[in-house]
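Colleague: For any residue, its number in this note's numbering is found by taking its place in the sequence shown, counting from 1, and adding 18.
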Amino acid sequence: VEMAVAHPAAGSFGLYAGIYVSPFAGYAVRVSYWLMQVIATGGHMVAMLLATHWQDLGSDLPRCPIQSALAISGVFDIEPLVHTSMNVDLGLTLETAKALSPYYMRPVCRAPLALVWGGNESDEFKRQSRDFAARWRDLGSQTRLLEIPGRHHLSVVEDLGRADSELVRLVLELQKMGR
Numbered sequence: 019v020e021m022a023v024a025h026p027a028a029g030s031f032g033l034y035a036g037i038y039v040s041p042f043a044g045y046a047v048r049v050s051y052w053l054m055q056v057i058a059t060g061g062h063m064v065a066m067l068l069a070t071h072w073q074d075l076g077s078d079l080p081r082c083p084i085q086s087a088l089a090i091s092g093v094f095d096i097e098p099l100v101h102t103s104m105n106v107d108l109g110l111t112l113e114t115a116k117a118l119s120p121y122y123m124r125p126v127c128r129a130p131l132a133l134v135w136g137g138n139e140s141d142e143f144k145r146q147s148r149d150f151a152a153r154w155r156d157l158g159s160q161t162r163l164l165e166i167p168g169r170h171h172l173s174v175v176e177d178l179g180r181a182d183s184e185l186v187r188l189v190l191e192l193q194k195m196g197r
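1) Between the region 101-119 and the region 164-178, can you find at least three pairs of beta-carbon atoms closer than 8 Å?
2) DSSP puts residue 136 in a beta bridge; with which residues?
3) Let me check one thing: in DSSP terms, what residues is residue 90 bridge-paired to?
4) So, residue 92 versus residue 133, is the Cβ gap smaller than 8 Å?
5) Looking only at its chain, what residues have a beta carbon closer than 8 Å to the beta carbon of residue 85, apart from the 5 residues adjacent to it on each side?
6) If I measure Cβ to Cβ from residue 151 and keep anything under 6 Å in the same chain, skipping five residues before and after, which residues do I get?
7) Between residue 149 and residue 63, what straight-line distance do the alpha-carbon atoms span, to the nearest angstrom?
8) Once you ignore the five residues that flank residue 53 on each side, which residues in its own chain have a CB closer than 8 Å to its CB?
9) What are the boundary residues of the alpha helix (DSSP H) that residue 97 is part of?
10) How about residue 35: is its C-beta nearer than 8 Å to some C-beta of chain B?
11) When you compare only the Cα positions, how much space is there between residue 186 and residue 100?
12) Grouping DSSP H, G and I as helix and E and B as strand, with all else coil, what is residue 70?
13) Quick check on DSSP: helix, strand or coil for residue 114?
14) Going by beta carbon distance, what residues of the same chain come within less than 7 Å of residue 116, once the five residues before and after it are set aside?
15) From residue 181 to residue 190, what distance separates their C-alpha atoms?
16) If you follow the alpha helix (DSSP H) that residue 152 is in, where does it begin and where does it stop?
17) Determine, using beta carbons only, whether residue 89 and residue 65 come nearer to each other than 8 Å.
18) Between residue 144 and residue 135, what straight-line distance do the alpha-carbon atoms span, to the nearest angstrom?
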């Protein structure tokens, strides 16, 4: 509490680490917090971008500015979150959860989409990706699925740093398909 009184700020964990530990610690805390948010929400955001009516945002925009998409460990139907303790902070109703779930949307962008998850992830993450891929495939999207053995929700991205990995090969294939 004393730190919050002495240094009230948004992003305070990074600020406190930078002041009381070292500048690098502050940087590391900020980056790791941001990275966790991207990993946790990235798959959902990718799908939302593919369901966006881009020309409604500006007549000069193309129908779809996305050539191909990779969604890692996504949550595409957020309705199950309504029934968790997490919803105390989110404040979702069944209606808002459905409205914010790409699972219930139609793909606007017909860019090839790959859905990837780690083999050590929960059955719910695996189900979400498989169900979403099947639903959007039925709506005309090109979808690919990849489960990476031995990886979990946070380590699955490590394969992006290995040139010989199946994930990198999939990314390169997506780029070719999106041209």
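All C-beta atoms, glycine included, are put in the ideal place defined by N, C-alpha and C.
Modeller: Let me lay it out:
1) no
2) 166
3) 134
4) yes
5) 129, 193, 196, 197
6) 133, 161, 163
7) 17 Å
8) Here the model assigns residue 53 a pLDDT of 48, short of 50, so the residue's position is not dependable, and the following value carries that caveat. Nothing listed; no residue qualifies.
9) Run containing residue 97: none; DSSP gives neither H nor E here.
10) In the structure shown, chain B does not exist; there is a single protein chain.
11) 35 Å
12) coil
13) helix
14) 97, 122
15) 10 Å
16) 141-156
17) yes
18) 7 Å
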